[in-house]
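>
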Amino acid sequence: MTRFLSRTARPLATAFLALALGVTNLLPVAAADAGPSPVVLRSATAQPAVLGVNADIRLLHHTMLGVGGQPVPATTLLLTPKGAPPAGGWPVVAWEHGTTTPGQKTCAPSQTPELDGGLTRDGFKSDYSWQIGRFIDAGYAVVAPDLEGLGPDATTPYPYYSLSSLARSLIAGVVAARAAEPRLSDRWAAVGHSDGGHGVLGAEALAGEAAGLTFVGTVASAPYVAIEAHAARFGADGMAASNEAAAHQGLMMQQFQGALMATGLTVTQPSFDEASIMGPDLAATLPRFRLLCSVGAIGTIDAAVKAKGKAFKGLNADWASQPHMHAFLAANDPAVTPGYTLHQPVLIVQGNADPFVLETLQTQFADKLKAGGAPLTYKVYDGADHFSIIRRADADVLDFLRQQFAR
Numbered sequence: 348m349t350r351f352l353s354r355t356a357r358p359l360a361t362a363f364l365a366l367a368l369g370v371t372n373l374l375p376v377a378a379a380d381a382g383p384s385p386v387v388l389r390s391a392t393a394q395p396a397v398l399g400v401n402a403d404i405r406l407l408h409h410t411m412l413g414v415g416g417q418p419v420p421a422t423t424l425l426l427t428p429k430g431a432p433p434a435g436g437w438p439v440v441a442w443e444h445g446t447t448t449p450g451q452k453t454c455a456p457s458q459t460p461e462l463d464g465g466l467t468r469d470g471f472k473s474d475y476s477w478q479i480g481r482f483i484d485a486g487y488a489v490v491a492p493d494l495e496g497l498g499p500d501a502t503t504p505y506p507y508y509s510l511s512s513l514a515r516s517l518i519a520g521v522v523a524a525r526a527a528e529p530r531l532s533d534r535w536a537a538v539g540h541s542d543g544g545h546g547v548l549g550a551e552a553l554a555g556e557a558a559g560l561t562f563v564g565t566v567a568s569a570p571y572v573a574i575e576a577h578a579a580r581f582g583a584d585g586m587a588a589s590n591e592a593a594a595h596q597g598l599m600m601q602q603f604q605g606a607l608m609a610t611g612l613t614v615t616q617p618s619f620d621e622a623s624i625m626g627p628d629l630a631a632t633l634p635r636f637r638l639l640c641s642v643g644a645i646g647t648i649d650a651a652v653k654a655k656g657k658a659f660k661g662l663n664a665d666w667a668s669q670p671h672m673h674a675f676l677a678a679n680d681p682a683v684t685p686g687y688t689l690h691q692p693v694l695i696v697q698g699n700a701d702p703f704v705l706e707t708l709q710t711q712f713a714d715k716l717k718a719g720g721a722p723l724t725y726k727v728y729d730g731a732d733h734f735s736i737i738r739r740a741d742a743d744v745l746d747f748l749r750q751q752f753a754r
């Protein structure tokens, strides 16, 4: 602890003083130890109260290392319990949201009252603010990044499904939060849902970029992994369906997987030719698809598939084998990344009634992690779906976090 304070006291004091004086162009936080991901805290602004969340809330304006290799603007919510912190400061839960959009920067937690980028507003009750409130009530500070490319300061596209970007969004948020609030502990855990659950699975590998801080473990709720397998399963289910509605649902969900991955790959490789993995009907949906929050984006695919049915010209049968897409999935999908494992404790929670992330495929991923020696606790909840898993697993998540912070 003494060594950490000696390395960071000067830049933290500089940042804190500059904020108090209204300066918005600061030196990098912990510049000597920043490594590949320097973080500059530019300002912190008060945010409105959130119903059910008994916290002081600030929006941090900072930089992070983007997928292009250069610093990019980013925003992160910092929520701290009201009152005095415990000895050693509030432990930090770095919380990452799921898919709120394929690419629209306004569909970000900081821009919506439920902290979910419009999911609840548009019809998917996320329970994100409820979960954050539970963490606050348990005595944790919560760091919630909008993610690279999302939020009010974003100037670059959202690199959907980039594991390094998702992890660095979390890490940069934690570093910026420590600069803005010296009453935080130097111990942190990563918690995420859906694509955020996928994202936190990349945090351990890059946690050293938060120099002087101690990473204690990971909680992934319904993490969005095994993309190729999901697309294949949805397609097969659609083909085997005994009624038109089920057939349509399977085909639509299959196309949704490919549209998301094509969007993410195109951001990191603008020269990628979408026609190499899909037909013209799916390709025609992408410009509008990328401008909407998640519910509207799904609706765009849904309407296009409904209009043509089985005649819809969408994903090629071998779409995931195209060299650029194959490399993208291998680098970003932990279920297929060669040699992927975790060394710090991890909890994965999954519902067996989830229509988006399928329990059978999640269980296969969990079994693979266990076989590789990962210290994994895996729990399946009967009847829980993609969002109800948050409440169903709440007691287990809080218990896991208590254990890790007590180590």
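Going by the numbering used here, the residue at position 33 of the sequence shown is 380; the numbering climbs one at a time, nothing skipped.
Even for Gly, the Cβ is constructed at its ideal location relative to N, Cα and C.
Quantities reported herein were computed from a predicted structural model and do not represent experimental measurements.
Kindly give me the distance between the Cβ atoms of Gly486 and Asn401, rounded to whole angstroms, as I take these residues to be in contact under 8 Å.
Contact doesn't hold; Cβ gap of about 11 Å is too wide.
> My guess is that Ala537 and Ala441 are in contact by the Cβ rule of under 8 Å, so how many angstroms apart are they, rounded?
5 Å
> So Gln551 and Gln691 are in contact, right, with Cβ under 8 Å, and what is the actual spacing, rounded?
Checking the sequence, you will find Glu at residue 551 rather than Gln. About 5 Å; that satisfies the 8 Å criterion.
> Between the C-alpha atoms of Leu517 and Val563, what's the straight-line distance to the nearest angstrom?
14 Å
> Mind checking which residues open and close the beta strand (DSSP E) that includes Val547?
Per DSSP, Val547 is not a residue of any beta strand (DSSP E); the alpha helix (DSSP H) it occupies stretches across Asp542 to Val547.
> Spell out a yes or no on whether the segment 618-638 and the segment 652-664 are touching, meaning 3 or more CB-CB pairs, one atom from each, closer than 8 Å.
yes
> Look up Tyr725 in the DSSP assignment and give the residues it is bridged to.
DSSP, once it has assigned bridges, lists Ile695 as partnering Tyr725.
> Please classify Arg530 as buried or exposed, where buried requires at least 16 other C-beta atoms within 10 Å of its C-beta.
exposed
> State the DSSP-derived secondary structure class of Ala627, mapped to helix, strand or coil.
As written in the sequence, residue 627 is Pro, which differs from the Ala given in the question. Three-state DSSP puts Pro627 in a helix.
> Please work out which residues of its chain come closer than 7 Å, Cβ to Cβ, to Cys640, disregarding the five sequence neighbours upstream and downstream, and give them in chain order.
Thr447, Thr448, Gln451, Cys454, Gly464, Gly465 and Asp469
> Output yes or no for whether 8 Å exceeds the beta carbon distance between Val572 and His545.
Contact flag set, yes.
> I need the straight-line Cα distance from Ala499 to Ser457, nearest angstrom please.
Position check: residue 499 holds Pro in this sequence, whereas Ala was assumed. Answer to the nearest angstrom: the Cα atoms are 8 Å apart.
> Let's test the definition: count the other Cβ atoms within 10 Å of the Cβ of Met599 and tell me whether it reaches 16, buried, or not, exposed.
In this structure Met599 is buried. Its beta-carbon is surrounded by 16 or more other beta-carbon atoms within 10 angstroms.
> I'd like the list of long-range same chain contacts for Gly382, defined as Cβ closer than 8 Å, with 5 residues on each side in sequence excluded.
Low per-residue confidence applies at Gly382: pLDDT is 45, beneath 50, and the placement is therefore not dependable, though the value from the model is reported in the following sentence. Sequence-distant partners of Gly382 (beyond 5 residues in either direction) whose C-beta falls short of 8 Å from its own C-beta, in its chain, are Gly555, Glu556 and Ala558.
> Go through its chain and collect everything with a Cβ distance to Thr724's Cβ below 6 Å, but skip five positions before and after it.
Leu694
> Short of 6 Å in beta carbon distance, which residues of its chain neighbour Arg739, apart from the five on each side in sequence? Order them along the chain.
Tyr728 and Ala731
> Short of 8 Å in beta carbon distance, which residues of its chain neighbour Thr610, apart from the five on each side in sequence? Order them along the chain.
Pro449, Gly450, Tyr507, Leu633, Phe636 and Arg637
> What's the C-alpha gap between Pro395 and Ser589?
The alpha-carbon atoms of Pro395 and Ser589 are separated by roughly 49 Å.
> Helix, strand or coil: how does DSSP classify Arg635 here?
helix
> Can you tell which of Ala592, Ser735, Asp584 and Ala567 has the C-alpha that lies nearest to the C-alpha of Val744?
Sorting Ala592, Ser735, Asp584 and Ala567 by C-alpha distance to the C-alpha of Val744 places Ala567 at the top.
> Measure the C-alpha to C-alpha separation of Thr615 and Trp666 and round it to an integer number of angstroms.
18 Å
> If we ignore side chains and look at the alpha-carbon of each, how far apart do Ile736 and Asp493 end up?
22 Å
> Looking only at its own chain, which residues have a Cβ that is under 7 Å from the Cβ of Val386, when we skip the five neighbours before and after it?
Pro375, Val376, His409, Thr410, Met411, Ala519, Val522 and Ala523
> Within the continuous alpha helix (DSSP H) that includes Phe747, where are the two ends?
Asp741 to Ala753
> Can the beta-carbon of Ser541 be found closer than 8 Å to that of Val704?
yes
> Identify every residue that forms a DSSP beta bridge with His770.
The question about residue 770 has no answer, for the chain in this structure spans 348 to 754.
> What number of angstroms, rounded off, separates the C-alpha of Ala606 from the C-alpha of Glu621?
9 Å
> Grab me the residues of Phe482's own chain with a C-beta within less than 6 Å of its C-beta, minus the 5 sequence neighbours each way, in chain order.
Val440 and Val489
> Assuming Val440 is part of the beta strand (DSSP E), what are its boundary residues?
Trp437 to Glu443
> Please return the same chain residues whose Cβ sits closer than 6 Å to the Cβ of Met586, not counting the five positions on each side in sequence.
none
> Tell me Ser568's beta-bridge partners as DSSP assigns them.
His540 and Val696
> In the DSSP assignment, find the unbroken alpha helix (DSSP H) run with Val642 in it and report its ends.
Ser641 to Lys655
> Just to confirm the assignment, what range does the beta strand (DSSP E) spanning Val801 have?
Past the boundaries of the shown model lies residue 801; the chain is included only from 348 to 754, so the question cannot be answered.
> For Thr422, count the other beta carbons within 10 Å of its own beta carbon; 16 or more makes it buried, fewer makes it exposed. Which is it?
buried
> Alpha carbon to alpha carbon, what distance is there between Gly413 and Leu716?
28 Å
> In chain order, what residues of the same chain lie with their CB nearer than 6 Å to the CB of Gly719, ignoring the 5 residues before and after it?
Thr688
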